[in-house]
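K.L.:
My questions will all concern the structure given below.
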Amino acid sequence: MSGTRKKFNIHSRGTQDRLFCFILLLPAIILCITFIIIPIIDSVWMSFTDYKIANLTQGIPGKWNNFANYTRLWDSGKLQSAAGITIFFVFVTVLLTFIVSMTLALILNTKIVGARFLRSIMMIPWVIPTVIAGLLWAWIYANPYGLLQYLVSIFSGGKITGFGILNNQSTALWGIIIAALWKQIPLMALLLLSGMQSIPDDMLEAAKIDGANYINCLFRIIIPHMKSVIAVTVSMCIIENFKQYPLFATLTNGGPAGATTTFAVLSYDEAFVNFNYGSGAAVTTIWLLMMIVVVFIFNKIFKQEEA
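Heads up: the sequence shown begins at 1 in UniProt numbering, then just goes up one per residue.
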């Protein structure tokens, strides 16, 4: 034999270091398994049963019904509708959040007066609890006595009244998107700003000396050096918007006429309004799979472009 297999030695320095790291990670691993992995497995199992409130109160396990919950949701059209609304909401919100946040980060990265003050007050929308933010925007959108209706009435000379953005099927989702942007832009802007400030000034100065303008510096230096930060922040934003429920609950609760019924709203309605936990779990399972697929595709495309 050309070589001998190394024996496992628990007393070696490398093995002890790995064992020490594992011991430090063990509490987090146990918590992750207990509060994330096991509930996900339980939810997936429940989606293939007829588990209802009677099963919960009487302690009786639900009967296995294969794909009955999935086929019922598909045949009713609720699943397709919720999927379309969720994807549209996530795509538009993430895209606009990134564009506005990147613009704000570029502005704050310049030597403007009051930059520190702006960074401080920018965080106010983010630190406000989402439910409170939803109630605030519900007051802004309220018809006929909300702030938006008041401003529209002033600028239109009283000609436009009854401007209920949340009462219209074509505008309700956009009203929630605006509220989500207001809530999410500050954090992403500051994360992108931290990525920009990690770029050496010498690199930008050298590019300017070579004749590069601001647009060249942005697309050839700033963005390429921020790709890891962009990947993390956008992935976080995708996940945040996929699981967005408080804004929908406080602003429209899925209405009007199902125009804002996302996976989050549909899952809640099936489980806690119709008391059909099996159907609610089925929605949650598809919701989780779609979120994983979208995040995976985004990171795959991003890594290919980076390579």
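Beta carbons are placed, not taken as given, at the ideal position from N, Cα and C, and that holds for glycine.
CA-CA distance, A189 and M102?
P.N.:
Mapped onto the sequence shown, residue 189 falls at position 189. Mapped onto the sequence shown, residue 102 falls at position 102. Cα-Cα distance, rounded: 6 Å.
K.L.:
Taking only three categories from DSSP, how would you classify K208?
P.N.:
Taking the first residue of the sequence shown as 1, we reach residue 208 at position 208. Three-state result, K208: helix.
K.L.:
Mapping DSSP to helix, strand and coil, what is T285?
P.N.:
Translated into the one-based positions of the sequence shown, residue 285 becomes position 285. Three-state result, T285: helix.
K.L.:
Is the beta carbon of I177 sitting closer than 8 Å to the one on T252?
P.N.:
For the purposes of this step, residue 177 is identified with residue 177 of the sequence shown, where counting begins at 1. For the purposes of this step, residue 252 is identified with residue 252 of the sequence shown, where counting begins at 1. It is not a contact, given that the beta carbons lie outside the stated cut-off.
K.L.:
In whole angstroms, what separates the C-alpha of T34 from that of V232?
P.N.:
Taking the sequence shown and counting its residues from 1, one reaches residue 34 at position 34. Taking the sequence shown and counting its residues from 1, one reaches residue 232 at position 232. Those two C-alpha atoms are separated by around 26 Å.
K.L.:
Checking 8 Å against the spacing of the C-beta atoms, do T262 and A82 come in under that value?
P.N.:
Translated into the one-based positions of the sequence shown, residue 262 becomes position 262. Translated into the one-based positions of the sequence shown, residue 82 becomes position 82. Cβ atoms of T262 and A82: closer than 8 Å.
K.L.:
Give me the Cα-Cα distance between I41 and W182, rounded to the nearest whole angstrom.
P.N.:
For the purposes of this step, residue 41 is taken as the residue at position 41 of the sequence shown. For the purposes of this step, residue 182 is taken as the residue at position 182 of the sequence shown. Distance between the alpha carbons of I41 and W182: 35 Å.
K.L.:
Quick one: using the 10 Å Cβ neighbour count with 16 as the cut-off for buried, is S120 buried or exposed?
P.N.:
Here residue 120 refers to the residue found at position 120 of the sequence shown. So S120 counts as exposed.
K.L.:
Kindly list the residues whose CB is nearer than 7 Å to the CB of L191, restricted to its own chain and excluding five residues on each side of it in sequence; keep chain order.
P.N.:
Along the sequence shown, read from residue 1 onward, the residue named residue 191 stands at position 191. For L191, where only same-chain residues beyond five positions count, the Cβ hits under 7 Å are V229, T233.
K.L.:
Leaving aside the five residues before and after W64 along the sequence, list all residues of the same chain whose C-beta is less than 7 Å from its C-beta, in chain order.
P.N.:
Walking along the sequence shown from the start, residue 64 turns up at place 64. Around W64: F48, T49.
K.L.:
Starting from W64, follow its DSSP beta bridges and name the residues at the other end.
P.N.:
Sequence index remark: in the sequence shown, residue 64 carries index 64 (1-based). Partner(s): T49.
K.L.:
Tell me which residues share the same chain as L104 and place their Cβ nearer than 6 Å to its Cβ, disregarding the 5 neighbours each side in the sequence.
P.N.:
Here residue 104 is taken as the residue at index 104 of the sequence shown, counted from 1. Around L104: A189.
K.L.:
Quick one: grab the DSSP three-state call for N274.
P.N.:
Residue mapping note: residue 274 aligns to position 274 of the sequence shown, counting from 1. It is coil, neither helix nor strand.
K.L.:
Return the chain-ordered list of same chain residues with a C-beta closer than 8 Å to the C-beta of Q169, the five sequence neighbours on each side being excluded.
P.N.:
Locating residue 169 in the sequence shown gives position 169, where the first residue counts as 1. If we look at Q169 and ignore the five residues flanking it on each side, its Cβ neighbours are P256, A257, A259.
K.L.:
Suppose the cutoff is 8 Å on Cβ atoms and the five residues either side in sequence are ignored; what does the same chain contact list for V265 look like?
P.N.:
Start at 1 with the first residue of the sequence shown, and residue 265 comes out as number 265. Excluding sequence neighbours, V265 sits near A82, Y245, F248, A249, N253, G254.
K.L.:
Grouping DSSP H, G and I as helix and E and B as strand, with all else coil, what is A133?
P.N.:
Stepping through the sequence shown from its first residue, residue 133 is reached at position 133. Three-state DSSP puts A133 in a helix.
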